[in-house]
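Here numbering that gives the first Met the number 0 is used: position 49 in the sequence shown is 48, and no number is missing along the way.
Only one structure is covered here, and it is reproduced in the block below.
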Amino acid sequence: MAAVPLPPLPREPLQVQCTTCEKVYIFDVSPEDFFDFKRGKFAQDAFPYLTNDERELMISRTCGGCFDAMFPETD
Ligand SMILES: [Zn+2]
0 MAAVPLPPLP
10 REPLQVQCTT
20 CEKVYIFDVS
30 PEDFFDFKRG
40 KFAQDAFPYL
50 TNDERELMIS
60 RTCGGCFDAM
70 FPETD
């Protein structure tokens with residue numbers, strides 16, 4: 000039996016507020032992916048279509064700019 004590729008899941012806008020700078024970010028995610036993420040799926044597996052900064056916001060509620068400020072590159 001040939002594997003039939005699944006159609007892309009519909010995405011809905013999700014609002015996430017950075018707890019540090021309180022800026023609200025909105026990006027489109029599939030509700031099913033979000034459900035998987037809440038159930039413990041790694042963000043990079045649940046949301047391969049998001050940027051690193053967007054995933055960081057989902058994981059830690061910290062936006063890319065604030066994350067860089069908290070954890071500056073050491074080299
Ligand atoms: Zn921030």
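Built from N, CA and C at the ideal position, the CB exists for glycine as well.
With a threshold of 7 Å, establish whether the CB of residue i neighbours any heavy atom of ligand 1.
i: G39; result: no
For my contact list, residue i and residue j are in at a C-beta cut-off of 8 Å; report their separation, rounded to the angstrom.
i: F33; j: L49; result: That pair is no contact at about 11 Å.
i: M57; j: F36; result: 7 Å
i: T73; j: T19; result: No, T73 and T19 are not in contact; Cβ-Cβ is about 20 Å, not under 8 Å.
*What residues come near ligand 1, if near means a beta carbon less than 7 Å from any of its heavy atoms?*
Spelled out in chain order, the answer is C17, T19, C20, K22, T61, C62, G64, C65.
*Between the region 7-27 and the region 46-60, are three or more C-beta pairs nearer than 8 Å?*
In short, these stretches touch, since the Cβ pair count reaches three.
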